[in-house]
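K.L.:
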Amino acid sequence: MPEGSPMTVRTRFAPSPTGYLHVGGARTALFSYLHARKHGGQFVLRIEDTDLERSTAESVNAILEGMTWLGLDYDEGPFYQTERFDRYNAIIDELLEKGLAYRCDCPKERLDELRDRQMAQRLKPRYDGHCRHREVDPGAPHVIRFRNPTDGVVVVNDLIRGRVPFGNAELDDLIIRRSDGSPTYNLTVVVDDADMGITHVIRGDDHLNNTPRQINILRALGHEPPSYAHVPMILGDDGARLSKRHGAVSVIAYREAGYLPEALLNYLVRLGWSHGDQEIFSLQEMIELFDITEVNRAASSFNTDKLAWLNQHYIQHGDPRRIAQLLRPHMGRIGIDPSEGPDLTAVVEAQAARAKTLVELAEISAFCYRDFDDYDEAAAKKHLRPVAREGLDRLRAAFELMAYEDWTPEGLHHAVERVAEELGVNLGKVAQPLRVAIVGRAASPCIDLTLHLVGKDATLRRIAKALAYIDQRAA
RNA sequence: GCUCCCUUCGUCUAGCGGUUAGGACGCCGGCCUCUCACGUCGGUAACAGGGGUUCGAACCCCCUAGGGAGCGCCA
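For what it's worth, the numbering used here labels the leading residue of the first sequence as 394, then goes sequentially.
1) Indicate the three-state DSSP secondary structure (helix, strand or coil) for Y467 in the structure shown.
2) Nearest-angstrom Cα distance between A455 and Y652?
3) At 3 residues or longer, what runs of the beta strand (DSSP E) sit wholly inside the segment 394–465?
4) Could you say which of G833, L657, Y520 and D530 lies nearest to H776 if we only look at CA atoms?
5) In whole angstroms, what is the alpha-carbon distance linking L853 and W800?
6) My assumption, with CB atoms under 8 Å, is that A716 sits in contact with I708. Please give the rounded CB distance.
7) Can you tell me the Cβ-Cβ gap for V594 and L611, rounded? I've got them flagged as a contact below 8 Å.
8) Just the C-alpha distance for T739 and G590, rounded to the nearest angstrom, thanks.
9) Would you identify the three-state DSSP class for R596, choosing helix, strand or coil?
10) May I have the straight-line CA-CA distance separating R538 from I484, to the nearest angstrom?
11) Would you identify the three-state DSSP class for R811, choosing helix, strand or coil?
12) With a Cβ-Cβ cutoff of 7 Å, do Q607 and N561 count as a contact?
13) What would DSSP say about Q709, mapped onto helix, strand or coil?
14) Since G665 contacts P625 with CB under 8 Å, what's their CB separation in whole angstroms?
15) In terms of residue numbering, what span does the beta strand (DSSP E) encompassing V741 cover?
16) Excluding five sequence neighbours on each side, which residues of the same chain lie with their C-beta closer than 6 Å to the C-beta of R789?
17) Using CA coordinates, which residue listed in T404, Q511 and S575 is at the minimum distance from T443?
18) Are there 16 or more other CB atoms within 10 angstroms of the CB of R638, so buried, or fewer, so exposed?
19) Use the C-beta contact count for N659: other C-beta atoms within 10 angstroms, 16 or more gives buried, fewer gives exposed.
20) Answer yes or no: do R430 and A407 have a C-beta to C-beta separation smaller than 7 Å?
21) Answer with buried or exposed for I840, where buried requires no fewer than 16 other C-beta atoms within 10 angstroms of its C-beta.
22) Enumerate, from N- to C-terminal direction, the unbroken beta strand (DSSP E) stretches of 3 or more residues contained entirely within the segment 569–619.
23) Report the rounded CA-to-CA distance for E502 versus T577, giving the unit in angstroms.
24) By the 10 Å Cβ neighbour count, where 16 or more other Cβ atoms means buried, how is S448 classified, buried or exposed?
25) Going straight from the alpha carbon of C524 to that of H535, what length do you get?
26) Whose C-alpha, out of L507, D530 and R510, is nearest the C-alpha of R496?
27) What are the residues that DSSP puts in a beta bridge with V547?
28) Let's test the definition: count the other Cβ atoms within 10 Å of the Cβ of G821 and tell me whether it reaches 16, buried, or not, exposed.
29) Which residue or residues does DSSP assign as beta-bridge partners of Q671?
30) Any contact between the segment 453–473 and the segment 693–709? By contact I mean 3 or more CB pairs, one from each, below 8 Å.
31) Going by C-alpha distance, which of S667, V546 and D670 is nearest N609?
32) How about H872 and I685: do their beta carbons lie closer than 7 Å?
33) Where C499 and T421 are concerned, what is the direct C-alpha to C-alpha distance, given to the nearest angstrom?
34) Can you give me the start and stop residues for the alpha helix (DSSP H) that R866 sits inside?
35) May I have the straight-line CA-CA distance separating L463 from A836, to the nearest angstrom?
36) Buried or exposed: which applies to N819, given that a residue is buried once 16 or more other Cβ atoms fall within 10 Å of its Cβ?
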């Protein structure tokens, strides 16, 4: 096992592979990552796959893919708990030998009945210690339970919540080995965190109630507990619990929807944490400024609008060549091969301020690569009218005379301007009909850039189509 | 039901006994302008409720209400 000196900060992200990496898990991973990086420590990835029934290889892959996409690189792992069963079993046997754990053969029916009785008495359902002092046949089916202290108080000193005391009387003897011989979560997590030298356990606050049990097991094993930080959960847009039913929760789904990893990371770090009024954080700034003890205690709701705003910020301010690379697959998805048209980087530079996602960016840029099918109804009705005919006709004549090498934004700007002057109208009077003719809708980058990107041939072709449309409409 | 956690604009948050309760997203409006967008300027909007403590509470204490988690041979 990898070891770290006692002073080295070591954090871990320990998802169970029973689903995709969702935004809540991603934020927990981010916080763990940042805490380790900030302190020059290590970040470990551990797959908690002891639930043989529900763990899948697809989930493992989805989690790894999500981590990679977000750029949350880990120093060690992924470790798989299923590969460490011998270790867990040795520990359990040791606990058994020392009398810190015991065999229990209580049948399910007895447990169910016990539980019902306790609920009826308004008590917290818990194991009554029936087998605590019984001799159970090791050869017959049984589970192993941890012998939890019956009195006293366990204190969780949480970096986020502060001091949270639990009475041992509230805890029961939990199962640490199933009847099929496999170890359970509360045992494996403790053994692994100790073996892997984890100094800071950062996880969802749904684990807060488990922590006193884990501390008890840890102490029975002769270890001192690590520091804990229980981060609040993330709620959906509507304030309800985040689940598969509430929009795209998988991190990969955000990639597919056209979000940039830096935008999602930036959004996530600000969910429950802040640094004054700062909204934009590079990963480097996050590492420098993030402090786990400053994380909010309350749950927060995921707000897609704000994520979209950040995403647009990063599309607009990121390196256009990189954005173009990321945009490529989204163009492909709508059937466009960017090599058959203007340089994609130039298109990104022209369009970046207009898109909140790469999907949008692809959609509004399609006109640069292929002719559109139909005009936007409102735009055509407003701009492709007989009064626009002469302007378009003059533009066509002017464009036809232009050499390919003069087909530049500057040259085009002058050409359009001249036509407006000849007609004695504002630039908008000729530019808007032209825009609708070229793009199919009323919105695009400035007209000269638009024409430049579309190119001379397509421009002439589309103007001809617009003239025909106007004539047909007048007839 | 029991145990634990949480509660500032619609949302994310600042605040750490004395503030006109600040910023951001969204929304609304102005400006810029060939369109849309960007940008920019301005506006809307919050301390869950009730008791204390204090000269003075968003900040400290208690209660209530509301929300959440756990109570598994799931993690």
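C-beta atoms are modelled at their ideal positions from N, C-alpha and C, and glycine is treated no differently.
P.N.:
Taking the definition as stated:
1) Position 74 of the first sequence, counted from the start, is the residue given in the question as residue 467. Correct three-state label for Y467: coil.
2) Position 62 of the first sequence, counting from 1, holds the residue named residue 455. Position 259 of the first sequence, counting from 1, holds the residue named residue 652. Spanning the alpha carbons of A455 and Y652 requires a straight line of approximately 17 Å.
3) If we require 3 residues or more, the beta strand (DSSP E) runs fully inside the segment 394–465 come out as 403–406 and 435–440.
4) If you number the first sequence from 1, residue 776 lands on position 383. Nearest option by C-alpha distance: G833.
5) One-based indexing of the first sequence puts residue 853 at position 460. One-based indexing of the first sequence puts residue 800 at position 407. Distance between the alpha carbons of L853 and W800: 12 Å.
6) The count along the first sequence starts at 1 and reaches residue 716 at position 323. The count along the first sequence starts at 1 and reaches residue 708 at position 315. Checking the sequence shown, residue 716 turns out to be Ile, not Ala. Contact annotation, I716 with I708: C-beta distance approximately 6 Å; criterion of less than 8 Å satisfied.
7) Indexing the first sequence from 1 puts residue 594 at position 201. Indexing the first sequence from 1 puts residue 611 at position 218. Between L611 and V594 the Cβ distance is about 11 Å, and since that is not below 8 Å, they are no contact.
8) Within the first sequence, residue 739 is the residue found at index 346, counting from 1. Within the first sequence, residue 590 is the residue found at index 197, counting from 1. Checking the displayed sequence, the identity of residue 739 turns out to be Ala instead of Thr. Each residue's CA atom was taken as its position, placing A739 and G590 some 50 Å apart.
9) Here residue 596 refers to the residue found at position 203 when the first sequence is read from its first residue. For R596, the secondary structure class from DSSP, reduced to helix, strand or coil, is strand.
10) For the purposes of this step, residue 538 is identified with residue 145 of the first sequence, where counting begins at 1. For the purposes of this step, residue 484 is identified with residue 91 of the first sequence, where counting begins at 1. Cα to Cα, the separation comes out at about 13 Å.
11) Here residue 811 refers to the residue found at position 418 when the first sequence is read from its first residue. Of the three classes helix, strand and coil, the one that applies to R811 here is helix, per DSSP.
12) The count along the first sequence starts at 1 and reaches residue 607 at position 214. The count along the first sequence starts at 1 and reaches residue 561 at position 168. No, they are not a contact pair.
13) Along the first sequence, one-based indexing puts residue 709 at 316. Looking at Q709 - three-state DSSP - the assignment turns out to be helix.
14) Here residue 665 is taken as the residue at index 272 of the first sequence, counted from 1. Here residue 625 is taken as the residue at index 232 of the first sequence, counted from 1. Correct: roughly 6 Å between the Cβ atoms.
15) Here residue 741 corresponds to residue number 348 of the first sequence, with the count starting at 1. Here V741 belongs to no beta strand (DSSP E); instead the alpha helix (DSSP H) covers L737 to Q744.
16) Within the first sequence, the letter at position 396 stands for residue 789. Hits under 6 Å: I856.
17) Against the first sequence, residue 443 aligns to sequence position 50. Closest by alpha carbon: S575.
18) For the purposes of this step, residue 638 is identified with residue 245 of the first sequence, where counting begins at 1. Model confidence at R638 stands at a pLDDT of 46, short of 50, so the residue's coordinates are unreliable and nothing is read from them.
19) Your numbering for residue 659 matches position 266 in the first sequence. Buried.
20) If you number the first sequence from 1, residue 430 lands on position 37. If you number the first sequence from 1, residue 407 lands on position 14. The answer is no: Cβ separation not under 7 Å.
21) On the first sequence, position 447 is the one that residue 840 refers to. So I840 counts as buried.
22) Those beta strand (DSSP E) runs which fall completely within the segment 569–619 and span 3+ residues are 593–597.
23) Counting from one through the first sequence, the residue named residue 502 turns up at place 109. Counting from one through the first sequence, the residue named residue 577 turns up at place 184. Using only the alpha carbons, I get a separation of about 21 Å.
24) Numbered from 1 along the first sequence, position 55 holds the residue referred to as residue 448. Classification of S448: buried, given that the 10 Å Cβ count is 16 or more.
25) Working through the first sequence from its first residue, we reach residue 524 at position 131. Working through the first sequence from its first residue, we reach residue 535 at position 142. C524 and H535 have their C-alpha atoms roughly 11 Å apart.
26) The count along the first sequence starts at 1 and reaches residue 496 at position 103. Considering only alpha carbons, the answer is D530.
27) Residue numbering aside, residue 547 sits at position 154 when the first sequence is read from its first letter. Per DSSP, F559.
28) Here residue 821 corresponds to residue number 428 of the first sequence, with the count starting at 1. Its Cβ having fewer than 16 others within 10 Å, G821 is exposed.
29) Position 278 of the first sequence, counting from 1, holds the residue named residue 671. H668, per the DSSP bridge assignment.
30) Here the segment 453–473 does not lie against the segment 693–709, with fewer than 3 beta-carbon pairs under 8 Å apart.
31) By 1-based counting over the first sequence, the position of residue 609 is 216. It is V546.
32) Outside the modelled stretch of the chain, which goes from 394 to 868, sits residue 872, for which no answer is possible.
33) As a first step, residue 499 is located in the first sequence; it is residue number 106 there, counting from the start. As a first step, residue 421 is located in the first sequence; it is residue number 28 there, counting from the start. In a straight line, the C-alpha of C499 is about 37 Å away from that of T421.
34) Position 473 of the first sequence, counted from the start, is the residue given in the question as residue 866. Judged by DSSP secondary structure, R866 falls within the alpha helix (DSSP H) whose first and last residues are K849 to A867.
35) Within the first sequence, residue 463 is the residue found at index 70, counting from 1. Within the first sequence, residue 836 is the residue found at index 443, counting from 1. As the crow flies, the alpha-carbon of L463 is around 33 Å from that of A836.
36) Indexing the first sequence from 1 puts residue 819 at position 426. Note on N819: under 16 other CB atoms within 10 angstroms of its CB, so exposed under the neighbour-count rule.
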